[in-house]
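These notes concern the structure reproduced below.
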Amino acid sequence: MNLALNNAVNVAQDYSAKGEEVEIEIVAYGPGLHMLRDDTSPVKARVKSIGESMPNVAFAACGNTRTAMEKAEGKEVLLVSRANVVKAGVVRLMELQEQGWSYARP
Numbered sequence: 765m766n767l768a769l770n771n772a773v774n775v776a777q778d779y780s781a782k783g784e785e786v787e788i789e790i791v792a793y794g795p796g797l798h799m800l801r802d803d804t805s806p807v808k809a810r811v812k813s814i815g816e817s818m819p820n821v822a823f824a825a826c827g828n829t830r831t832a833m834e835k836a837e838g839k840e841v842l843l844v845s846r847a848n849v850v851k852a853g854v855v856r857l858m859e860l861q862e863q864g865w866s867y868a869r870p
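Residue 765 is where the sequence shown starts when you use this note's numbering, and the numbers rise one by one after that.
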């Protein structure tokens, strides 16, 4: 999780240093959704800090994974405030690639 956040920060800083704009979206699905969970995220403070200081970095949470976790745990899974829920994380990745985005996997 820290590697994904490090990559996002490095890309944002590199483009900023060149005076260029870049949009970054971290898509969390499967076990990676813990990154964006309010109760289990080991990087919650970093997600908040990055979200506040780098408005060009977005966080997407897989709705399918969230639903599966809720069913398995028998409770609502709350996400950090910076997370936007998408129906399916993998589909979101495909859509972004179809729009010309690059895919970097830590």
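Virtual Cβ for every residue (Gly too), placed ideally from N, Cα, C.
Here the structure is a predicted model, which means the values were calculated and not measured.
Excluding five sequence positions before and after L860, the CB atoms of its chain that fall closer than 7 angstroms to its own CB belong to E789, given in chain order.
Secondary structure at E787: coil, using DSSP grouped into helix, strand and coil.
According to DSSP, residue pairing for L843 in a beta bridge involves R801. When DSSP states are grouped into helix, strand and coil, N848 belongs to the strand group. According to the DSSP assignment, V821 belongs to the beta strand (DSSP E) that extends over V821 to C826.
Taking C-beta atoms as the reference points, V791 and M799 fail to come closer than 7 angstroms. Considering only E837, Y793, G796 and Q777, the residue with the shortest C-alpha distance to E787 is Q777.
Beta-bridge annotation (DSSP): A832 is not paired with any residue.
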